[in-house]
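See below for the structure under consideration.
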Ligand code: SAH
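Numbering (our numbering), first residue to last: 132 to 377.
Structural data, given as structure tokens:
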């Protein structure tokens with residue numbers, strides 16, 4: 132019986148893969164991957180490695196989680212080294228925890244291999260530090276995705292009357308609602324917001340606006356994209372580097 136490595140692939144730029152992840156990818160007998168992992172990484176696998184795509188596109192799950200769990204289980208019965216490759220970090224909205232719990236229940240060994248999360252690295256490539264001395268002392272990472280089956284919001288909006296930097300993942304399709312909600316709970320209409328699309332890749336694009344203007348400016352950006360709300364967004368004027376070079 133094999134071991135399943137629940138592995139973070141980093142945010143996009145292949146050079147942001149960790150050495151530990153690369154070492155296990157080179158040994159893998161099978162790699163189970165999804166859309167957010169840079170496909171270039173698969174070229175690092177040894178000859179004969181099997182590839183299984185379980186493509187989740189953003190919030191749309193093309194394969195239900197239960198089926199992915201089952202795929203991992205069957206792979207572990209068949210192979211020694213099973214790599215489950217996920218965009219960013221496997222435990223930041225990556226459902227790696229669910230996969231671990233399932234595998235443990237079925238008696239399969241697993242390890243987590245952390246990855247660089249898009250939540251921090253993507254703003255960083257856009258020249259936006261998630262904390263900055265004298266500007267903000269903390270940051271939060273929040274899902275912008277809300278279940279369609281629930282009548283009321285799962286996000287405790289009242290807690291967002293804060294100067295923390297707020298990073299919304301999976302939120303582009305609800306950008307208008309997120310911005311409106313933040314204004315409703317008392318944030319100024321001219322509060323700075325950035326939307327960063329395809330961060331850390333050559334197609335990275337950043338749009339800057341305010342809670343009032345951002346939806347109109349950023350709604351057509353391609354995914355994956357994340358939203359940064361906070362005074363730190365203004366620092367991009369001085370810290371933008373990656374998009375200047377590409
Ligand atoms: N585990 C991942 C996040 C999975 S949720 C991580 O740690 O990064 C998927 C969301 O991450 C996307 O909807 C988007 O908001 C964000 N995301 C992932 N890669 C991105 C990228 N290269 N650029 C911008 N946003 C990205």
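For every residue, glycine included, the Cβ atom is placed at its ideal position computed from N, Cα and C.
Item, Value
"Residue 327: beta carbon under 7 Å from a heavy atom of the ligand SAH?", "yes"
"Between the Cα of residue 342 and the Cα atoms of 136, 322 and 298, which residue gives the shortest distance?", "322"
"Which word fits residue 356, buried or exposed, when buried means at least 16 other C-beta atoms lie within 10 angstroms of its C-beta?", "buried"
"Is residue 300 near the ligand SAH, judged by its Cβ being under 7 Å from some heavy atom?", "yes"
"Residue 340 and residue 349: beta carbons closer than 8 Å?", "yes"
"Could you tell me the distance, in whole angstroms, from the CA atom of residue 190 to the CA atom of residue 158?", "Summary for residue 190: the model assigns pLDDT 49, below 50, so the residue's position carries little reliability; its value from the coordinates is reported in the next sentence. The alpha-carbon atoms of residue 190 and residue 158 are separated by roughly 30 Å."
"Applying the 10 Å Cβ sphere with the 16-neighbour rule, what's the burial state of residue 345?", "buried"
"Grab the span of the beta strand (DSSP E) containing residue 242 for me, first residue to last.", "240–244"
"Check whether the Cβ of residue 170 lies closer than 7 Å to any heavy atom of the ligand SAH, and answer yes or no.", "no"
"Could you tell me which residues DSSP pairs with residue 373 in its beta bridges?", "DSSP, once it has assigned bridges, lists no residue as partnering residue 373."
"Look at residue 301 and residue 224 and say whether their C-beta atoms are less than 8 Å apart.", "yes"
"At a cut-off of 7 Å, would you count residue 224 as near the ligand SAH, judging by its Cβ distance to the nearest heavy atom?", "yes"
"Given the structure, does residue 114 come close to the ligand SAH, in the sense that its CB is under 7 Å from one of the ligand's heavy atoms?", "Residue 114 is absent from the structure shown; the chain starts at 132 and stops at 377."
"Is any non-hydrogen atom of the ligand SAH found closer than 7 Å to the C-beta of residue 278, if you look at the structure I gave you?", "no"
"Just the C-alpha distance for residue 310 and residue 146, rounded to the nearest angstrom, thanks.", "33 Å"
"Would you call the segment 195–207 in contact with the segment 233–251, where contact means no fewer than 3 C-beta pairs closer than 8 Å?", "yes"
"Determine the burial state of residue 221: buried for a count of at least 16 other Cβ atoms within 10 Å of its Cβ, exposed for fewer.", "buried"
"Looking at residue 143 and the ligand SAH, is the gap between the Cβ and the nearest heavy atom below 7 Å?", "yes"
"Residue 308: which of 293, 294, 327 and 288 sits nearest, CA to CA?", "288"
"Does the ligand SAH have a heavy atom nearer than 7 Å to the CB of residue 250?", "yes"
"Let's see if you can read the secondary structure: which residues bound the alpha helix (DSSP H) around residue 137?", "Here residue 137 belongs to no alpha helix (DSSP H); instead the beta strand (DSSP E) covers 134–139."
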